[in-house]
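Have a look at the structure below, then the notes.
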Amino acid sequence: MNPLPPPNTPGYTQALLADDPLWLTIIKVVVVFALLLLMTLFMIWLERRVVGRMQQRPGPNWNGPFGLLQSLADGLKLAFKEDIRPTLADFPVFFIAPVISTIPAFVAFAVIPLGPEVSIFGHHTALQVADLPVGVLVAMACSSVGVYGIVLSGWASGSPYPLLGSLRSAAQVISYELALGLSIIGVVLYAGSLSTADIVAAQASGWYIWLLPVSFVVFAISMVGETNRAPFDLPEAESELVGGFHTEYSSLKFALFFLAEYVNMVTLSAVATTLFLGGWRAPWPLSLWAGANEGWFPIIWFISKMFVFLFVYIWLRGTLPRQRYDQFMRLGWKILIPVSLVWIVAVSALRVLRVQYGTVSAPVVLLIGFVVLVVAIVVAVLLPDRKPADEAPEEPTVVSDYPVPPLDLTVPPPPPRRRRSVPEAKETAAVGSGSPEKEDA
Amino acid sequence: MQGGASLSTALGVDYGALAPLFIILGVACVSVLVEAFVPLAQRARVQLVLTLAAIAVALVVVIVRATSGVPATIVLAGSLSVDSVSLFLWGTLLALAIPSVLMIADRSVEAGGAFVADPEALAEAQERAGARTPVTVGAGGAGGSGSDGAGRAGSSRGSATPPPEMHTEVFPFVLFALGGMLAFCAANDLLTMFVALEVLSLPLYLLCGLARRRRVLSQESAVKYFLLGAFASAFFLYGVALLYGYAGSVRLSDIAAAAAGSLRSDSLLYGGLALLVVGLMFKASVGPFHTWTPDVYQGAPTPVTAFMAACTKVAAFGAILRVFFVAFGPTALEWRGVLWAVAIASMVIGTVLGLTQTDLKRMVAYSSVAHAGFLLIGCLAITPAGLSGTLFYLLAYGFTTIAILGLISLVRSGDGEANHLSAYAGLATRSPVVAAALSFCLLALAGVPLTSGFTAKFAVFSAGLGDGEAPLVIVGLVCSAIAAFFYLRVIVMMYFSPPAPDGPSVSLPGPLTTVSITLGVVVTLLLGVVPTAALDWAAAARFLG
Amino acid sequence: MSALVLILVLLPLVGAAVCGVLVRGGGSPGGDAAAKAIGFVVSLVELVLVGVVWAMFVPSAPTRFQGEISVAWIPAFGTRFALGLDGIALAMIALLAVLVPIVIAYTAFTSAAEKFPDGRGAGGFVALMLALQGVLVALFAATDVFLFYVLFEVMLVPMYFIVGRFGGARRQYAAVKFFLYSFLGGLIMLGSVIGIYVASGTRLGQASFDWATLQHLAAQLPLSTQIPLFLGFFAAFAIKAPLVPLHTWLPDAGAEAPIGGGVILVGVLDKVGVFGFLRYCLPLFPLASQSLAPLVLVLSVIGVIYGALLAAMQTDMKRFVAYTSIAHFGFIGLGIFAFSQQALAGSALYMVNHGISTAMLFLVVGMLAARGGSSRIADYGGVGRIAPVLSGLFLVAGLTTLSLPGTNSFVSEFLVLLGAWPREPVYTVIATVGIIFAALYVLWVFQRTMTGPLRGEAVLGGGPGAASAVAFEPTDGGLRDMLEDDADARRRARFGDLSGREIGVLAPLVLLIFLLGFFPQPVLNVINPAVSATMSEVGVADPVGPNGVAR
Amino acid sequence: MSPTNYLLLSAILFAIGTVGVLVRRNAIVVFMCIELMLNAVNLSLVTFARINGSLDGQVMAFFVMVVAAAEVVVGLSIIMSIFRTRRTASVDDANLLKY
Amino acid sequence: MQGPGTAGLTAYVPLLVMFVLAGGFALFSVTAAPFIGPRRYNRAKLDTYECGIEPSPQPLVGGGRVPVAYYLTAMMFILFDVEMVFLYPFVINIDALGLFGLVEVVLFIGTVAFAYAYVWRRGGLDWT
């Protein structure tokens, strides 16, 4: 391979990892894999505890210290449940769908840099399974491949609820993947590279959360949408779709979907950390001490940052009611996407100006004009919509052919102020306490 | 176009040269916004005015540039070549687009327009009708555009409520297609050509499926056109890839250079050429690659058929000319034989199958296949005469076809157009003017002197004979003699046979259609009697390698 | 004079336009009548103008053409709108100018005007006829090959509509057949036109369509290139002036066309073919025409015999006329490709005479058919008894058709045979047999229809009287005479003799027949210079001396 | 391994797509075969770019992707419309238009 | 965009390993499940789950009519996804492209914004 470029320059980690012997790679992979499994078990426990605490109840506290083994017990119990294959199911697909949704969740984590250069058994390497020139894209690709598992599972179940659930989840994942990708663009712009390690290296001077707040917010929101988590857990909205896409699944197949969901959470939190929170870099006061970014310490910083996100996940679930599907899509299509588009234009405009002209000159004004134009268009778009007439003939289609519950319960859209009104607060509790039963299915 | 570095070198964009293209595409985008923001009541009018204005301005720009003698340039990092040929083709395309747009916009022949009802208009119509029946899901239009109205508009036609307005999206479609055509026949590298090909095809696919009457027929034609079109463009693309592998560039001139002096194996070159030609021939509905033509011509709304028949042919043959002359001129001797066969096949197929048709639109389709063969004769003569002849032929043929289809769209029975030959029995007694115009145009297609058809045929054939294509020319002459038969059959029907008592009615065309038909007929006559100006302009056209 | 030529072309077209507008606009009987009147007047004016031109025409002029006009038309192709008259063209134009008013008068004004299909008025017919005349005049006068070709094709359109709109029962079939044959021929010719254009481009450096230029070019063209080009032209002309294998459209068209249309079709339109031989095939491709002459001669002679035989076998009078003219065209072809001054002159004169005689025959047949309502020979018999004038004129027409000495045809036919003898004795002899056949078929038809006792559906009308007549036929003298007188009386009432107008229509033709029969000289004077010019262009020595004795 | 193999692969894929288009009768499947052809072209484009050592091929692949996407949108909408009209996506059932 | 001659495919080996490991795990689970778990036959259990009621006759699996809105969403997704794909290379070498590139990208985004506005106004994004 080509000689090592100097440290902290783009491509350094790539070159470093390129020299990894196979055994080292395998070790890393196994470790990461185990880490993810453990994180899943721990997350389930943590979620139930935290949500329980938020709802003034203990949550699981019987098996093991603080009920830590509860989720392990659940997993084992699932393994010993009967594996049901519905007669109408398209068996091969039904069989392979959980696998498809599981694999990418794990693979995506491989590109996450957990720490700087260390020496393992005397071999110099970076705490990262793989650093690719297109690392970020790999992460995104994996997250979007995962949806295949969901869609196929719903399709293969041969039953209306899973079908609709999978359709919903497909629509939702692709919608929010757009926002996700657009928000990443800002980061890539400043880092000038798609390699995760380079991005982390580029944040030495400052985290991108400060530089690109809008991108961060968009990413955070769409991260939740991407993982089908509350308040965006519409694919498995019990109140509408029974179990959603995994209605017909049981036993370990069900467990795999569950696993995939939580691993996705972890992975995306890790990605968010890498992109916006400086990855394994020590937070501010600690970063004053040079040693904080050396050796094995950074793993601590990284995991703790990651847990911030994970906690927010749980927190959201505990507090927010599930959105209605149209509200949810509106949020994604009518707010996140235009905002991030405008944001990208603005950021790149500023970037170009800073690089090319120190000062503001005539073409700059013209350019601002362009940006304003785009903004104006988007604003014009934000005008109050007319009642769209062309959906009217479609509704009978939805209910036409065979008895499915109408996709969008025609609830009259409540004025925004009545969002946090009493009955919906009740629903919050319902949702919050809804999840444990789901696990004990 | 050519990767990052050369992009920045291409900063200097010659806006003067590209003005027509920019105008058309820009206005296309604007008209999308019009669709979005202008209320339903004014939409159709605004769209029509906007579109016509754009085309007219672009035409003026082209003419000014062509007459002012600005030297030919290659713009946008060598992707477009604005030479005299491009200008001629642009002028032709824009000139042909005007009558087509007029026909498309016309709402007098078919009440409410020839296209599917606009969902909003449909909703309003239903409110007006008091929403008697629950909406039945009829033909779902493109992208869920509620063409459910089709069936409904048809059913509620008898009732008092006027049929709802048509989809005004057709105008942006037409503009985008037009822009694609402009780029297609001026493309100087194969990648641009491919992109332009798609830009011109995709809107056409959609337009074909939007007929207000005979939804299923129309949608079928759209599906067929789309599938076959995508198939052909895949071939085109593979050809591009092979040529890129051969020459290391997709620039036409580079390919020519590589072909001229290279020791590489020519298998890539000729394989690429073959695949490329397949794609192009498909678009031009030549010879064995014509299978989509009759179906699409029949199924598509007649104004769209006119637009396709005229403009697509011009664009496609413009591209064919450019490829043959600029990229493969040096190696002409090696590949010309094959294309001779193609040309002959096209002429024979078009003629023989045309004899068996009883549907007028299908007949026009097959005649267009035959005409494609004649045009190919001109293209295969890699000489200035061949070039100018083909260009002139395109101009003449386009106007005649538009006029014919416009006239066809006038003959209507209870449910939409009556295209069957028998419907034309005794048309002359019922509406002499229409019959006269139609028979004049048919004679023009047959190539009777004093019509543009004859002048064009003469130009092409003389060019072909001058380049030693005697066999082709003879076949062409024989074919046009045979083809005269099925044109005459229509005239016989119209003039000599007594009108059927319950025959179709000839709807009185509104101003728009009238203008476009008149334009077509007049140009056909002028190009037949005093073609000098056009011929000179065509003769002055030269490629900029 | 040039202006005059131009007017000759434009006047009928304008007239046609006016009539057309009148008919289209009104469709009312008023418009129709006005159209007829105007059309007739226009054709008369045209006739007068032709007379003037004839007077101004100088036979001894040195130039090939007189009264030339030449305007650039399509520079890109080097075509010019060029007109000019030589003797033959002038003769043809004159013939046309004579026939058109007669036809119009017959169609528009005689009581026996045909009942056109589904009540179409004669106005449209007049308009089409004038248009046809304009095109034909331009065609004969054209001195630009391209222009000639264009008119050659355009000529079809009005004729197509004349046959198709105003013809008999199977008119559609006939019209389409006519159009397709001619159009096919035209396209083959187009090939040759383009070919000679390209050839001139390569030979002379700059391509041209000018007749004179191409004629000079002819000297340079090798035989190998001349032959295909010649064949192209020849095919078109052979179809137009039906030589035998290509003649099948003519009987149909002739039979189905309205009488007036038939007159112009057979009388003038077909002459375009032989005119083409004289004007284009021979001068432009001399070598080819010499080497291919035997082919043409064979065809012509076959045409003579074949036409005669089939004419004799016809059961329909119109078809009969058509076949007779096929036989005559055989003679003309023979005369042309015999390459001698006399034969050529004879053919040229024959073109005129045949026009007149065929017109005569057609008209008479038409009048007969108009009375009997049928054109089958078998439907008539003994017409002479009830319509003596008609039968007399029929006889005149027949005699000129079989070219009895003293009628016009005799002169031309004699000239042809005389001129053809020294070079082509064999063909001449065979052709002479045709004359005998001609006598046969003409007289046989006359005898069957005009003489003898009254017979036939058309005459007897199949009424009760008819039955009685048949019944009483073989009884003895006195009673028969009485019965017959009264029967004749009855039938005269049903089947009148020619009206004054009809006689007026036929009179000029009869006059011409005998006039040209005794004094062909004026026409010959006009024709001869053109003929000799053609001879020199072909470049063969005249085998016949000035005094008509073979060298 | 040598780039030629990639070219072979792309040729094979292209052929498979072609055969599929010609053989299969379901509009959607035909459509997928066409997409397969396009991607085969992409492969060969990228390979040629590697051979020629220029980026143009990859850029072209980008354009092809875009075009393919546009085609997917348009094609799906058309096929869906006829599917909703006739409840079938088989090309054979679309037989109102006789040749 | 990385030109030819980067680290090549070896950099992807770890991903492959991870893929194999996760895949093996998942496959093992799904195949093992039937053998570990009990099997008590019960027709109702194998029926389609419809809240306990007798399942109504089904159309072909997946052959049911899918609401148009989903197709629309898919198409919009393709549209924007392609846009995104083009934005990445742009931002990677934004400095090289400079002002021209910026103008182009603004035009590009603007063009997509037109379509976006159209879909929005015509209710393509509304689910009610």
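Residue numbers (the UniProt record's numbering), protein chains in the order written: chain A, 1 to 441; chain B, 1 to 545; chain C, 1 to 551; chain D, 1 to 99; chain E, 1 to 128.
Ideal Cβ positions, reconstructed from N, Cα and C, are used throughout, including at glycine.
For A/L152, the closest alpha carbon among the candidates A/V99, A/I184, A/V118 is that of A/V99. Excluding the 5 residues flanking it on each side, A/A73 has same chain C-beta neighbours closer than 6 angstroms at N63, in chain order. Here A/M54 has G318 as same chain residues with Cβ atoms under 6 angstroms from its own Cβ, once five neighbours each way along the sequence are excluded. Listed in chain order, the positions of the segment 204 to 227 of chain B with a beta carbon within less than 8 angstroms of a beta carbon of chain D are Y205, L206, G209, R215, V216, L217, Q219, E220, S221, A222, V223, K224, F226, L227.
In the three-state reduction of the DSSP assignment, A/F91 falls in the helix class. In the DSSP annotation of this structure, the continuous segment of the alpha helix (DSSP H) that includes C/H354 starts and ends at 341 to 372. In this structure, the beta-carbon distance from C/A420 to C/A308 does not fall below 8 angstroms. Contact annotation, B/L252 with B/V326: C-beta distance approximately 4 angstroms; criterion of less than 8 angstroms satisfied. Going by DSSP, B/V515 is part of the alpha helix (DSSP H) stretching over 511 to 529.
For E/M18, the closest alpha carbon among the candidates A/V29, A/R168, A/S215 is that of A/V29. Only residues of its own chain outside the window of five on either side were considered, and among them W127 have a CB closer than 7 angstroms to the CB of E/A69, listed in chain order. Between C/L246 and C/I239, the C-beta gap is smaller than 8 angstroms, which places the two residues in contact. Annotation: C/L515 to C/I74 spans about 45 angstroms, alpha carbon to alpha carbon. Under a criterion of Cβ atoms nearer than 7 angstroms, the residues of chain D adjacent to B/F231 are, in order, V21, I34.
For the segment 91 to 106 of chain A, residues whose beta-carbon sits nearer than 7 angstroms to a beta-carbon of chain E comprise F95, P98, V99, T102, I103, F106. With a threshold of 16 other beta carbon atoms within 10 Å, C/V296 meets it and is buried.
Cβ contact annotation for A/I209 (same chain, cutoff 7 angstroms, sequence separation greater than five): F216, F276, L277, in chain order. Collapsing the DSSP output to three states places A/Q356 in a helix.
In this structure, the straight-line span from the alpha carbon of A/L69 to that of A/S193 is close to 42 angstroms. Looking at the DSSP output, A/L127 shares a beta bridge with A/G115.
For E/F86, the nearest beta carbon of chain B is not closer than 8 angstroms to its own beta carbon. Here C/P405 carries a strand assignment [DSSP, helix/strand/coil]. The CB of B/V314 never comes closer than 9 angstroms to any CB in chain D; the least such distance is about 22 angstroms.
Within 7 angstroms of the CB of A/D83, the CB atoms of chain E belong to A33, P34, G37, in sequence order along the chain. Across the segment 19 to 38 of chain B, CB contacts with chain E closer than 7 angstroms involve C29, V32, L33, E35, A36, F37, in sequence order along the chain. Under the DSSP assignment, C/V71 falls in the beta strand (DSSP E) whose first and last residues are 66 to 74. DSSP places A/G278 outside both helix and strand once states are collapsed to three, so it counts as coil. Distance check between D/C33 and each of D/T4, D/V73, D/L13, D/I82 places D/L13 closest, using alpha-carbon atoms only. Under the Cβ criterion of 8 angstroms, D/T4 is not counted among the residues facing chain B. In this structure A/Q14 is in contact with A/S195, their Cβ atoms being roughly 7 angstroms apart against a cut-off of 8 angstroms. Around B/N419, the same chain offers D359, L360, K361 as residues with beta carbons nearer than 6 angstroms, after the five sequence neighbours per side are excluded. Residues of chain B whose Cβ lies closer than 7 angstroms to the Cβ of C/I74 are, in chain order, P531, T532, L535. The Cβ atoms of C/F57 and C/F146 lie no closer than 8 angstroms to each other. Per DSSP, reduced to three states, the secondary structure at B/V286 is coil, with no helix or strand assignment.
DSSP lists C/D316 as the beta-bridge partner residues of C/R376. DSSP places B/I382 outside both helix and strand once states are collapsed to three, so it counts as coil.
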